[in-house]
Structures are given as structure tokens and as C-alpha cells.
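Student: If you scroll down you'll find the structure; I have some questions about it.
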Amino acid sequence: MTPGEFRLRVAYRKTGRLRHLSHLEVVHALERMVRRARLPFAITQGFSPHLKAAFGPALPVGTAGEREYFDVWLTKYTAATEVLRVLVASAPAHLVPFEARYVADSVPSLTAALTIGSYEVEIDGKGLDASSVQAALKAVLTTGEFSIVHKGKTKFFDLARSVPKDARVTDRDGGVVVELTVRMGPQGSLRPEALIRHSLEAASITASAVRTTRLETLVEGDEGVWSRPV
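Residue numbers (our numbering): 206 to 435.
Pasting the structure below:
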């Protein structure tokens with residue numbers, strides 16, 4: 206961090222129709238929000254200077270996020286509560302910040318620190334129930350491996366490592382909700398809805414709709430303890 210700069214970490218939600226934005230579109234929307242708020246933001250050095258900010262792990266198009274993060278560097282210290290107030294006033298609907306605090310320069314970047322993702326997947330379908338979905342998911346998880354073809358390349362996931370916590374499956378409002386935690390990383394992350402769709406298809410269960418929300422992303426400590434970056 207350049208002397209005289211202050212690193213602010215902001216938590217926000219991506220919901221509603223904006224769940225269909227790409228990661229790049231979200232980045233641009235957040236940058237516009239910072240500019241509209243007239244914050245004293247820092248500018249990067251180099252050939253193409255731009256607003257100095259960093260963002261957490263990308264959300265797939267169509268996935269909502271209840272607790273996402275970005276960092277922005279300011280050239281003047283302003284109380285975090287005041288920064289949050291002006292950001293909220295400048296935010297578009299369905300992309301709203303709700304928490305902010307300053308973090309030290311020594312704190313790891315969001316992409317490096319956030320290695321755990323907690324998801325909620327809502328499934329609609331005639332005759333669906335939690336017990337059948339639970340059994341279908343368990344059958345795939347016990348195989349120990351899952352593969353998916355993406356852009357012509359096959360990715361393999363060790364399920365014992367990729368899914369570090371037992372899934373929770375419940376009935377809700379005529380459908381089924383699966384709470385699934387996955388491990389994320391630079392080599393690619395397991396998409397919960399892909400695993401669930403595969404599990405349902407393998408069990409000949411038909412789903413009319415699958416909606417995914419990332420509830421939060423977490424830091425995994427040295428002793429395996431999970432915590433929030435804010």
C-alpha cells in the first residue's frame with residue numbers, strides 16, 4: 206500500500222435481477238458506485254491508471270450473493286460509517302453494500318484469503334422431497350470424484366476435499382433447499398448447482414428450476430477454523 210492510502214473492505218449483496226450480471230459487469234458497477242459517492246479513491250500507477258480496488262472470488266452468472274466483498278483504497282481517511290452511508294446512497298438496487306471497515310496492508314488479498322464458499326441451492330420440481338435429494342447427493346459424494354466438461358476441458362474434483370462439510374437438505378415451500386459448502390481455489394472451484402444437477406439426473410429425479418445463492422465466502426485458518434474477512 207502506498208503511504209497515505211487507506212484500504213477499506215466493503216461487504217455487499219448481489220441479488221434480484223443483478224444476479225445475472227457477469228463478474229466484469231459487477232466490477233464496473235461497483236467502480237461506478239464508488240465514483241458516484243465521490244470518495245477520495247486512489248489511482249493505480251502504470252500505463253493505464255484506474256481506480257484502485259480489488260474484488261473477491263467471482264460469482265457465476267445467475268448466482269446471487271448475500272455477502273460478497275471488495276477492497277477500495279482511499280487517499281484520505283474517512284470514517285467507515287460515513288463511507289458506507291454514501292456508498293449505500295450511490296448503490297444501484299440489488300447491489301447494496303451493508304458493512305465496511307479498514308484493514309491493514311498486511312491482510313492477504315480477498316482472492317488469496319477466501320477459500321471456502323457457503324451456498325444455498327433452491328430446487329423446484331414435481332414430487333421433490335428432501336430425503337430423495339439427500340440420497341441422490343450422498344450417492345454421488347460417496348463415489349469420491351466428480352468431473353465436469355468446461356470449454357472443452359474436463360475438470361476433476363476430489364469430493365472429500367472439495368466438499369469439506371456435510372450438506373444439509375430440507376423441504377421448503379413446496380421445493381427442496383440444499384446448503385452446501387465447497388472449497389475454492391485458483392485451479393477452479395466446484396459449482397454446487399452442477400454437482401446437484403448431476404446427482405438428480407443420476408437418480409432420475411427431474412428438477413424444473415435450480416437457483417443458487419452464495420451465502421458467504423470464508424477464510425480457512427491454519428487449524429481449519431473458518432472466519433469472515435470483515
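For every residue, glycine included, the Cβ atom is placed at its ideal position computed from N, Cα and C.
On the CB-based measure, 16 or more other CB atoms within 10 Å of its CB, does residue 257 come out buried or exposed?
Tutor: One-based indexing of the sequence shown puts residue 257 at position 52. It counts as buried.
Student: Taking the alpha-carbon of residue 354 as reference, which of 345, 283, 250 and 403 has the nearest alpha-carbon?
Tutor: Residue 354 sits at position 149 when you count from the first residue of the sequence shown. Checked all of 345, 283, 250 and 403; the closest Cα to residue 354 is 403.
Student: Looking at C-alpha atoms only, which residue of 295, 371, 366 and 331 is the closest neighbour of residue 235?
Tutor: Counting from one through the sequence shown, the residue named residue 235 turns up at place 30. The shortest Cα separation from residue 235 among 295, 371, 366 and 331 belongs to 295.
Student: Return the chain-ordered ranges of every alpha helix (DSSP H) run that is complete within the stretch 344-396 and spans a minimum of 4 residues.
Tutor: Counting whole runs of 4 or more residues, the stretch 344-396 contains the alpha helix (DSSP H) stretches 364-367.
Student: Would you check if the stretch 272-292 and the stretch 235-249 touch, i.e. whether three or more CB-CB distances between them fall below 8 Å?
Tutor: yes
Student: Under a three-way DSSP split, which group does residue 272 fall into?
Tutor: Position 67 of the sequence shown holds residue 272. In the structure shown, residue 272 sits in a strand (DSSP, three-state: E or B).
Student: Do residue 334 and residue 293 come within 8 Å of each other at the CB atom, strictly closer than that value?
Tutor: Taking the first residue of the sequence shown as position 1, residue 293 is located at position 88. Taking the first residue of the sequence shown as position 1, residue 334 is located at position 129. Contact flag unset, no.
Student: How about residue 218 and residue 271: are their beta carbons less than 8 Å apart?
Tutor: Position 13 of the sequence shown, counted from the first residue, corresponds to residue 218. Position 66 of the sequence shown, counted from the first residue, corresponds to residue 271. Yes.
Student: Leaving aside the five residues before and after residue 254 along the sequence, list all residues of the same chain whose C-beta is less than 7 Å from its C-beta, in chain order.
Tutor: By 1-based counting over the sequence shown, the position of residue 254 is 49. These residues qualify, in order along the chain: 248.
Student: Rounded to whole angstroms, what is the Cα-Cα separation between residue 209 and residue 394?
Tutor: Residue 209 sits at position 4 when you count from the first residue of the sequence shown. Residue 394 sits at position 189 when you count from the first residue of the sequence shown. Rounded to whole angstroms, residue 209 to residue 394 spans 36 Å at the Cα level.
Student: Closest to residue 299 by CA distance: which of 226, 341 and 392 is it?
Tutor: For this step, residue 299 is matched to residue 94 along the sequence shown. Nearest option by C-alpha distance: 226.
Student: With residue 408 and residue 341 assumed to form a contact (beta carbons below 8 Å), what rounded beta-carbon distance in angstroms separates them?
Tutor: The sequence position of residue 408 within the sequence shown is 203, counting from 1. The sequence position of residue 341 within the sequence shown is 136, counting from 1. Right, their Cβ atoms sit about 4 Å apart.
Student: First and last residue of the beta strand (DSSP E) that includes residue 438?
Tutor: Nothing about residue 438 can be reported from this structure: the residues present for the chain run from 206 to 435 only.
Student: Under 8 Å Cβ to Cβ from residue 344, same chain only, skipping five residues before and after it: list those, please.
Tutor: By one-based count along the sequence shown, residue 344 stands at place 139. These residues qualify, in order along the chain: 404, 407 and 408.
Student: Please report how far the alpha carbon of residue 221 lies from the alpha carbon of residue 269, in whole angstroms.
Tutor: Residue numbering aside, residue 221 sits at position 16 when the sequence shown is read from its first letter. Residue numbering aside, residue 269 sits at position 64 when the sequence shown is read from its first letter. Each residue's alpha carbon lies about 8 Å from the other.
Student: Assuming residue 387 and residue 324 are in contact, meaning their beta carbons sit under 8 Å apart, how far apart are those beta carbons, in whole angstroms?
Tutor: Looking up residue 387 in the sequence shown gives position 182. Looking up residue 324 in the sequence shown gives position 119. About 7 Å; that satisfies the 8 Å criterion.
Student: Could you tell me which uninterrupted alpha helix (DSSP H) segments, each at least 4 residues in length, are contained entirely in the stretch 238-320, listed from first to last along the chain?
Tutor: 285-295 and 315-318
Student: Of the residues 433, 239, 223 and 327, which one's Cα is nearest the Cα of residue 373?
Tutor: In the sequence shown, counting from the first residue as 1, residue 373 sits at position 168. Nearest C-alpha to residue 373: 327.
Student: Between which two residues does the beta strand (DSSP E) holding residue 216 run?
Tutor: Within the sequence shown, residue 216 is the residue found at index 11, counting from 1. Element bounds for residue 216: 211-219.
Student: Based on DSSP bridge pairs, tell me the residues matched to residue 429.
Tutor: Translated into positions along the sequence shown, residue 429 becomes position 224. BP columns for residue 429 are empty, so no partner.
Student: Please classify residue 361: is it buried, with 16 or more other beta-carbons within 10 angstroms of its beta-carbon, or exposed?
Tutor: Within the sequence shown, residue 361 is the residue found at index 156, counting from 1. Classification of residue 361: exposed, given that the 10 Å Cβ count is below 16.
Student: Exposed or buried, residue 396, counting other C-beta atoms within 10 Å across all chains shown (16 or more means buried)?
Tutor: Locating residue 396 in the sequence shown gives position 191, counting from the first residue. Buried.
Student: Just tell me which of 320, 288, 276 and 275 has its CA closest to the CA of residue 426.
Tutor: By 1-based counting over the sequence shown, the position of residue 426 is 221. Looking at the Cα atoms, 320 is the closest of the given residues.
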